[in-house]
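Trainee: Going by this note's numbering, the first residue of the sequence shown is number 478, and it counts up by one from there. Quick reminder that beta carbons are idealized off the backbone N, C-alpha and C, glycines included.
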Amino acid sequence: MDMLAAQGQDLLHSYPTIHNMKAYNSIINLLWLTCACVILIGCQTAQPGAAMGPAPANSGHVIITRVANFGSNLSLVVSVDGKDVGSFTEGRQYSGYLPAGQHTLTARVDPNPGGKRPAKKTLTVQAGQTYSYTAAWSGEKLVLVRNP
Numbered sequence: 478m479d480m481l482a483a484q485g486q487d488l489l490h491s492y493p494t495i496h497n498m499k500a501y502n503s504i505i506n507l508l509w510l511t512c513a514c515v516i517l518i519g520c521q522t523a524q525p526g527a528a529m530g531p532a533p534a535n536s537g538h539v540i541i542t543r544v545a546n547f548g549s550n551l552s553l554v555v556s557v558d559g560k561d562v563g564s565f566t567e568g569r570q571y572s573g574y575l576p577a578g579q580h581t582l583t584a585r586v587d588p589n590p591g592g593k594r595p596a597k598k599t600l601t602v603q604a605g606q607t608y609s610y611t612a613a614w615s616g617e618k619l620v621l622v623r624n625p
């Protein structure tokens, strides 16, 4: 009987440890879930100038897409009128509304160890129009190609 009593005491002492491990695992799982939600919300947040909701009055829609073979370790950095509006990795694109009038679109690669010059386009935006470009390589040169 003493042996059974000793085994019973061992079992009683192990329950708080198991309970504490379950609580610890629950806290860790909750932290992982919270981090995943924060990351997903961050991914859904619009870049400055991104197209969200109805078009602003007297504006045009501008889209700049990365070509599929742009480069897996390269980002496309888009600027409008000298101000960066976003950095886009594989599968991403700039989509934003610009007020009617003349604008300068610039696309550059990041990182840029080879010192490649940015691609530039001057665009006269008309209200209600959509302008679509693809950032692509023409040999060693980055270009903005107007999509039909």
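Please classify Val555 as buried or exposed, where buried requires at least 16 neighbouring CB atoms within 10 angstroms.
Mentor: By the Cβ-count criterion, Val555 is buried, with 16 or more other Cβ atoms from all chains shown falling within 10 Å of its own Cβ.
Trainee: My output table needs one value for Leu551: the three-state DSSP class, helix, strand or coil.
Mentor: coil
Trainee: What does DSSP give as the partner residue(s) for Thr542 in the beta ladder?
Mentor: Gln570 and Thr611
Trainee: Would Ser549 be called buried (16 or more neighbouring beta carbons within 10 Å of its own) or exposed?
Mentor: exposed
Trainee: Output the boundary residues of the beta strand (DSSP E) element that contains Gly559.
Mentor: Counting along the chain, Gly559 falls outside any beta strand (DSSP E), and DSSP gives it neither H nor E.
Trainee: Tell me, please, which residues DSSP counts as bridged to Gln603.
Mentor: The partner list for Gln603 (beta bridge, DSSP) is empty, contrary to what the question assumes.
Trainee: Across which residues does DSSP place Pro576 in a beta bridge pair?
Mentor: Ser536
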